[in-house]
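**Student:**
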Amino acid sequence: MNTADTAHNEGPSAFAQAAELELRHVSKRYAGQREPAIGDLSFTVPAGEVCVLVGPSGSGKTTTMRLINRMIPISGGDILLGGRSVLTRDPKELRREIGYVIQQIGLFPHQTVDENIATVPRLLGWPKERVSARVHELLELIDLDPEEMRDRYPAQLSGGQRQRVGVARALAADPPLMLMDEPFGAIDPINRTRLQDEFLGLQEKVKKTVVFVTHDIDEAIKMGDRIAILREGGVLAQYDTPREILTHPADDFVAQFVGADRGLKRLALTRLSELKLIEPNGRRADASDGAQRVPVQTSVRDALSIMLSANGDPLTVVDDDGRVEGLFTLGLVEQLLADDAAAPPPGDGSAQAEAQPASQGRPV
Ligand SMILES: Nc1ncnc2c1ncn2[C@@H]1O[C@H](COP(=O)(O)OP(=O)(O)OP(=O)(O)O)[C@@H](O)[C@H]1O
Ligand SMILES: [Mg+2]
């Protein structure tokens, strides 16, 4: 992987800029704490990927974030950003290079949207015109009209808009790493889905290394290239792709955490376009046969749900131009689940031991 040491952020909008993040045997014991909040945590997030941290309350997610940007001192181990230990950095300087988005203390209430987004570029001493251009660019990126929005105060925005401005502020100096601690936690489900989709679209463009904390396993599956599941004491229960975690949970804790419906959740990861559909056998594209039609981009989970409400009859799968691609049947779902279950876990399948899963450390 590209272990770019890209900790410097000049360049007007070097969107590809991202750095690998590595935690090496990190531990944290707060003063007066009997058991450490984090005992011995190691994992690596490749540059440009989204790693979602999930786990029960108190498992050390926020602590991990604060250790990464040195808001709190580390007790043991090391954290490397772009191959360089964050411990060698001036904490203030480091924090300007790490975007941080949190749920509660969002924006500075007495500053306009413009001033909020411009915070870090100003601290970095960017010339005025460049700051202004950057604010404009970011507002467009998050789909807010710069003319209308830049002079408003946070109280004059909706919750979702505030959260987007928070993301823009974190992105302002083009940081190689973004930390997002339950960024959408306080948003209602509909807007939350929208913000998630927007963020994924944004991430397509900016390709940052992101550590994203959530309580919600569905959000983790949707947002993460990889998911790190923590348990009490900051112990890494599993670190894998969403598909692997759903197909081969490392132990009972993970299986319970992802839920008994993990088979269904897995179906949401596959689109009809990825299946070998049944030959249409002369079915016509004009819907005269009465079969339900679904676009190829539909997820298998959604297609299954549609099929069940249509008495289990096969669905006709059509492409963007309405051409029939094939049929989707219950048999295909069965086959998909069986194939997934039969696929061996990556690496040496025997090593998924309980306390120290094989996937700990650098993922395959
Ligand atoms: N400043 C502190 N002083 C002492 N103990 C702390 C402090 N901050 C957190 N802790 C403890 O460290 C552990 C991990 O807390 P942390 O905030 O990292 O959990 P979390 O996974 O983010 O939980 P949540 O999902 O509730 O946000 C908890 O047991 C918590 O009580
Ligand atoms: Mg927390």
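Just add 228 to the spot in the sequence shown (first one is 1) and you have the numbering used here. Every residue, glycine too, gets a C-beta built ideally from N, C-alpha and C. These numbers were taken from a predicted model, which means no experiment stands behind them.
(1) Pull up the distance between the alpha-carbon of aspartate 342 and that of isoleucine 449, whole angstroms please.
(2) Kindly indicate which residue of Asp567, Arg499, Asp549 and Ala569 has the alpha-carbon position closest to the one of phenylalanine 556.
(3) Report the partner residues of leucine 555 according to the DSSP bridge assignment.
(4) Any heavy atom of ligand 2 inside 7 Å of the beta-carbon of threonine 292?
(5) Which of the three DSSP states is assigned to leucine 335 in this structure?
(6) In whole angstroms, give me the CA-to-CA distance for aspartate 541 and glycine 518.
(7) Pull the bridge partners of glutamate 250 from the DSSP assignment, please.
(8) So who's on the other strand from glutamine 466, going by DSSP bridges?
(9) Going by DSSP, what residues sit across from phenylalanine 427 in a beta bridge?
(10) On the criterion of 16 or more Cβ atoms from any shown chain inside 10 Å, does tyrosine 328 qualify as buried, or is it exposed?
(11) Looking at cysteine 279 and arginine 454, is the spacing between their C-beta atoms short of 8 Å?
(12) Is the beta carbon of phenylalanine 481 sitting closer than 8 Å to the one on alanine 465?
(13) Check each candidate in Glu277, Pro274 and His253 and name the one with the smallest Cα separation from glycine 267.
(14) Which of the three DSSP states is assigned to glutamine 245 in this structure?
(15) Is the closest heavy atom of ligand 1 to the C-beta of lysine 289 under 7 Å?
(16) Our contact map puts leucine 322 next to arginine 298 with C-beta atoms below 8 Å; I'd like the distance itself, whole angstroms only.
(17) Go ahead and pull the three-state DSSP assignment for valine 434.
(18) In the structure shown, what three-state DSSP assignment does threonine 234 receive?
(19) With valine 363 and methionine 406 assumed to form a contact (beta carbons below 8 Å), what rounded beta-carbon distance in angstroms separates them?
(20) Measure the C-alpha to C-alpha separation of arginine 494 and arginine 529 and round it to an integer number of angstroms.
(21) Which residue from Gly310, Ser255, Ala259 and Ala496 puts its Cα closest to that of alanine 247?
(22) Thinking just about the alpha-carbon of each residue, which of Ser285, Glu277 and Phe271 is nearest to the one in arginine 459?
(23) When you measure from the CB of aspartate 444 to every non-hydrogen atom of ligand 2, does any distance come out below 7 Å?
(24) Could you check the C-alpha separation between glutamate 263 and serine 255 for me, to the nearest Å?
(25) Are glycine 388 and isoleucine 445 close, meaning C-beta to C-beta below 8 Å?
(26) State buried or exposed for proline 417, treating a residue as buried only when at least 16 other CB atoms are found within 10 Å of its CB.
(27) Thinking C-beta only, is valine 522 closer than 8 Å to valine 545?
(28) Less than 8 Å between the C-beta atoms of glycine 554 and leucine 505, yes or no?
(29) With which residues is isoleucine 300 paired in a DSSP beta bridge?
(30) Would you say aspartate 409 touches ligand 2, meaning its beta carbon is less than 7 Å from a heavy atom?
(31) Of all the alpha helix (DSSP H) runs that stay within the bounds of the stretch 360–422, which reach a length of 4 or more residues?
**Tutor:** Per the coordinate set shown:
(1) 33 Å
(2) Arg499
(3) Ile506 and Thr544
(4) no
(5) coil
(6) 11 Å
(7) Thr272 and Leu308
(8) Ile457
(9) DSSP output for phenylalanine 427 lists no bridge partner at all.
(10) buried
(11) yes
(12) yes
(13) His253
(14) coil
(15) yes
(16) 6 Å
(17) helix
(18) Note that threonine 234 scores 39 on pLDDT, short of 50, meaning its location in the model is unreliable and no value can be drawn from it.
(19) Not confirmed; about 18 Å, so no contact.
(20) 8 Å
(21) Gly310
(22) Ser285
(23) no
(24) 11 Å
(25) no
(26) exposed
(27) yes
(28) yes
(29) Isoleucine 300 pairs with nothing; no bridge assigned.
(30) yes
(31) 374–377 and 387–399
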